[in-house]
Amino acid sequence: MKEILDTTITAAFTGHRRFDYRQKDAIKSRLTAAIIESYEQGYRNFISGFAQGFDMLAAECVAELKALYPDMKLFAAIPYTGHSSYLFGYTRQMYNHLLAHCDKTFNLSDHYFDRCFLARDEFMVRNSSRLIAFFDGRGRGGTFYTVRYARHRNIPIYNIYPQTKMNYG
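Take any residue in the sequence shown, note its place counting from 1, add 299, and you have its number in our numbering.
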């Protein structure tokens with residue numbers, strides 16, 4: 300799928316699905332600051348991949364900030380139809396609540412396939428000019444792949460993970 304958003308005003312999110320939830324408030328504070336700073340630099344569109352963990356936290360932050368910044372937009376990049384079927388309880392309720400706050404949802408495939416999550420990550424990078432990350436720097440998983448893909452495409456990375464020296468742009 301080709302670029303469909305104005306990349307000059309669009310930032311995407313990537314981050315680990317699991318993090319220490321005792322640190323959630325600190326992470327959310329850093330994330331909110333990164334979104335506001337991006338907004339002040341002209342970014343208006345924010346894409347979340349809606350994975351459990353950091354992606355949903357990022358979507359939550361944007362949904363909350365939209366009340367203060369009415370021209371801020373939240374987009375969901377859903378890897379395949381039925382993606383939320385593995386979520387239960389509060390997580391599924393939050394997922395549906397956040398989807399309701401999206402300005403647009405991109406369902407990238409009608410069905411699951413082996414590369415669907417990586418295709419979602421590539422879509423987000425191709426449609427943005429900044430990547431806001433929560434990345435520990437380790438070479439594994441979807442976050443690693445997305446950061447590497449963004450680097451390959453010369454997309455600046457704003458990493459909010461504590462104790463890393465990876466902030467670019």
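Backbone N, C-alpha and C fix where the C-beta goes; we use that ideal spot for every residue, glycine too. As the structure is a computational prediction, the values presented were derived from the model and not from experiment.
Query, Result
"Would you call the CB atoms of M393 and M355 closer than 8 Å?", "yes"
"Span of the beta strand (DSSP E) holding R353?", "Looking at the sequence itself, residue 353 is Phe, so the reference to Arg does not match. Taken as a continuous stretch (DSSP letters only), F353 belongs to no beta strand (DSSP E), being part of the alpha helix (DSSP H) at 353 to 364."
"Taking only three categories from DSSP, how would you classify T404?", "strand"
"Could you check what DSSP says for I303 in three-state terms: helix, strand or coil?", "coil"
"Relative to the C-alpha of T380, which residue among H400, F349, A358 is closest?", "F349"
"Taking the continuous alpha helix (DSSP H) assigned at T390, which residues delimit it?", "388 to 399"
"Take every Cβ of the region 329 to 348, pair it with every Cβ of the region 364 to 382, and state whether three or more of those distances are shorter than 8 Å.", "yes"
"Please classify E339: is it buried, with 16 or more other beta-carbons within 10 angstroms of its beta-carbon, or exposed?", "exposed"
"Let me confirm a value: N426 is counted as buried when at least 16 other C-beta atoms fall within 10 Å, else exposed. Which label applies?", "buried"
"Could you give the first and the last residue of the continuous alpha helix (DSSP H) run that contains I308?", "Taken as a continuous stretch (DSSP letters only), I308 belongs to no alpha helix (DSSP H), as it is neither H nor E."
"If you reduce the DSSP assignment to three classes, tell me which class I335 lands in.", "helix"
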